[in-house]
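Report on the following structure.
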Amino acid sequence: MIFAIWLPFLLPFLVPFLAAPAARRLAEALPPRAAAWVLSTAGAVLATASATSLGLLALVGLLRLPPVAALGHLSLPWLDHASPAALFLAAPAAVALLVAGGLTLRTAHRQYTDLRRARTALGGHPDTAETAAPLTLSTLRALLSPTAHHPLTVLTDDRADAYALPGRLGQPGRIVVTTGMLRALTAPERAALLAHERAHLRGRHHLLLAAAEYAAVLHPALGQLRAPLGFHLERWADESAAAAVGDRAVTARAVGRAALAAARSPRPARPLLAPAAAAGPVPRRVAALLAPPAPARPRRRARTGTRRLPAAGLLLTCCLAVSTAATMTATSDLHRTVERAQQQDEQASGTASGTASNTMSTSAPTSTPAGTPTTVPSAITRTAPVTGSR
Numbered sequence: 001m002i003f004a005i006w007l008p009f010l011l012p013f014l015v016p017f018l019a020a021p022a023a024r025r026l027a028e029a030l031p032p033r034a035a036a037w038v039l040s041t042a043g044a045v046l047a048t049a050s051a052t053s054l055g056l057l058a059l060v061g062l063l064r065l066p067p068v069a070a071l072g073h074l075s076l077p078w079l080d081h082a083s084p085a086a087l088f089l090a091a092p093a094a095v096a097l098l099v100a101g102g103l104t105l106r107t108a109h110r111q112y113t114d115l116r117r118a119r120t121a122l123g124g125h126p127d128t129a130e131t132a133a134p135l136t137l138s139t140l141r142a143l144l145s146p147t148a149h150h151p152l153t154v155l156t157d158d159r160a161d162a163y164a165l166p167g168r169l170g171q172p173g174r175i176v177v178t179t180g181m182l183r184a185l186t187a188p189e190r191a192a193l194l195a196h197e198r199a200h201l202r203g204r205h206h207l208l209l210a211a212a213e214y215a216a217v218l219h220p221a222l223g224q225l226r227a228p229l230g231f232h233l234e235r236w237a238d239e240s241a242a243a244a245v246g247d248r249a250v251t252a253r254a255v256g257r258a259a260l261a262a263a264r265s266p267r268p269a270r271p272l273l274a275p276a277a278a279a280g281p282v283p284r285r286v287a288a289l290l291a292p293p294a295p296a297r298p299r300r301r302a303r304t305g306t307r308r309l310p311a312a313g314l315l316l317t318c319c320l321a322v323s324t325a326a327t328m329t330a331t332s333d334l335h336r337t338v339e340r341a342q343q344q345d346e347q348a349s350g351t352a353s354g355t356a357s358n359t360m361s362t363s364a365p366t367s368t369p370a371g372t373p374t375t376v377p378s379a380i381t382r383t384a385p386v387t388g389s390r
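Residues 1 to 390 (the UniProt record's numbering) are what the sequence shown spells out, left to right.
Here you go:
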């Protein structure tokens with residue numbers, strides 16, 4: 001039981017401190033899309049394993065409560081003998097699990113409230129058809145292209161801002177841009193800006209951001225993945241916008257001018273899960289767009305390169321495997337422990353019932369029917385001496 005509880009609990013909680021830096025280092029060597037998926041997936045797996053380990057440890061202490069043990073038909077003496085020190089860590093684990101659960105619910109409520117407030121505020125604003133005056137013909141062509149499936153809302157506001165508002169379940173998202181942002185950009189730059197926001201909606205980047213928020217709540221070491229994930233999501237949208245407009249320099253100018261325009265005025269309120277074109281380290285994004293694209297490798301060299309994973313990739317893979325295997329082992333061992341405790345309880349109950357029946361059978365008096373003569377044992381029968389005549 002020691003290996004079933006202590007080691008699986010410690011490993012999923014300690015592994016993220018080593019896996020998070022490895023994930024960040026690996027993401028720097030990957031394309032933006034792959035880097036975003038690596039960061040979000042690693043955070044989700046590590047956070048789930050850590051929370052599950054806390055839950056298992058809290059369950060070990062819960063099973064030692066007499067009402068719970070009686071309800072589950074568990075042998076408390078056997079559980080105490082199998083893992084005598086488990087109860088000392090069960091209480092802190094239960095407290096940590098309750099705190100993490102409360103923070104998760106608060107984060108979910110805050111995200112839902114922000115999105116609902118933003119959607120309600122934009123409910124009375126018309127779409128592109130009634131607000132197309134500030135837009136040029138090239139921008140409208142980009143909006144009405146076959147890949148543009150998300151409505152556009154232009155807000156009359158001198159403050160420069162643009163973001164992608166996620167839609168409700170089963171509904172498309174919405175691109176929100178202010179007139180102040182549109183006036184700060186040229187026509188090609190507007191097209192790049194809108195293509196950037198459209199890439200956020202098409203890739204459902206808000207879900208990856210939400211996963212990173214939950215991971216940071218469930219484990220403190222995973223909070224360092226949020227900033228790199230936001231940067232790589234912006235880089236993902238930048239590359240999509242550059243491919244859509246066909247000019248990386250125009251996209252770089254759009255990102256830079258949008259960031260400068262947004263910095264000159266106070267930022268309007270927008271949801272936390274609404275990616276914006278002016279977010280993240282803008283100088284790095286502009287430098288990446290202006291850098292020459294990497295030459296395409298031959299197919300054989302590409303296959304050879306994929307076999308030589310960097311050290312960060314190997315370390316991250318090992319961390320994920322160890323964390324997942326430890327959690328699965330803890331779950332399996334705890335299940336076997338519960339079954340063994342139930343068997344011990346059944347054996348104890350059977351022994352107790354057998355002892356009670358034997359005691360009752362030996363202590364019960366023997367009844368004799370009326371009129372039946374009682375035979376005196378020969379061992380206690382006395383024979384009177386026979387007196388003969390002389």
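For every residue, glycine included, the Cβ atom is placed at its ideal position computed from N, Cα and C.
These figures come from a predicted structure and were not determined experimentally.
From the listed residues L225, L272 and A291, the smallest Cα separation to A249 is found for A291. For T251, the enclosing alpha helix (DSSP H) stretches over residues R248 to R264. In this structure the segment 52-60 does not lie against the segment 255-263, because fewer than three pairs of beta carbons, one per stretch, are closer than 8 Å. Contact between A118 and P271 holds: their C-beta atoms lie close to 5 Å from each other, under 8 Å. A direct Cα-to-Cα measurement between P92 and L7 gives close to 16 Å. Between V177 and E197, the C-beta gap is smaller than 9 Å, which places the two residues in contact.
For a cut-off of 8 Å, the C-beta gap from L193 to A162 is around 6 Å, short enough to register as a contact.
Taking the Cα of W37 as reference, the smallest distance to any Cα among A243, L208 and T327 is reached at L208.
Excluding residues up to 5 positions away in sequence, L320, S323 and T324 lie with their Cβ nearer than 8 Å to the Cβ of V45 in the same chain. In terms of Cβ geometry, L233 and G203 form a close pair [threshold 9 Å]. For the 9 Å CB-CB criterion, A90 and R64 form a contact.
With respect to A288, E189 sits apart: the two C-beta atoms are not nearer than 9 Å. Between the C-alpha atoms of L71 and E213 there is a straight-line separation of about 38 Å. Under DSSP, Y163 takes part in a beta bridge, and its partners are V176 and A276. CA-to-CA, the gap between D114 and E339 works out to about 46 Å. D158 and P266 have their C-alpha atoms roughly 10 Å apart. The beta carbon of G180 is closer than 8 Å to those of D157, D158, R159, A160, D161, A261 and S265 in its chain, skipping five residues each way along the sequence. If you draw a straight line from the Cα of T251 to the Cα of A279, it comes to about 15 Å. DSSP places T186 in no beta strand (DSSP E); its state is neither H nor E.
Of the candidates P12, G230 and Q347, the residue whose Cα lies closest to the Cα of S40 is G230. Looking at the backbone, the Cα of V286 and that of A23 are separated by about 23 Å.
Residue F9 holds the alpha-carbon nearest to the alpha-carbon of A94 among C318, F9, A221 and G246. Scanning its chain for C-beta atoms nearer than 6 Å, with the 5 sequence neighbours on each side dropped, one finds around A276 the residues Y163, in chain order. If you draw a 10 Å sphere on the C-beta of P12, you find 16 or more other C-beta atoms in it, and that means buried. Assigned with DSSP and collapsed to three states, T156 falls in coil, not helix or strand. Excluding residues up to 5 positions away in sequence, G173 and R174 lie with their Cβ nearer than 7 Å to the Cβ of G167 in the same chain.
In the DSSP annotation of this structure, the continuous segment of the alpha helix (DSSP H) that includes L39 starts and ends at P32 to L63. Going by C-alpha positions, V60 is about 11 Å away from H335. The Cβ atoms of L315 and A42 do not sit closer than 9 Å to each other. The beta carbons of P16 and H219 sit closer together than 9 Å. A227 and P281 have their alpha carbons spaced roughly 10 Å apart.
DSSP places L334 in the helix class (H, G or I) of the three-state scheme. Minimum Cα-Cα distance from H206 among the listed residues A191, L182 and Q111 corresponds to Q111.
Contact annotation: T52 and A221 have beta-carbon atoms that are not nearer than 9 Å.
Excluding five sequence positions before and after A241, the CB atoms of its chain that fall closer than 7 Å to its own CB belong to A192, A195, H196, A199 and T251, given in chain order.
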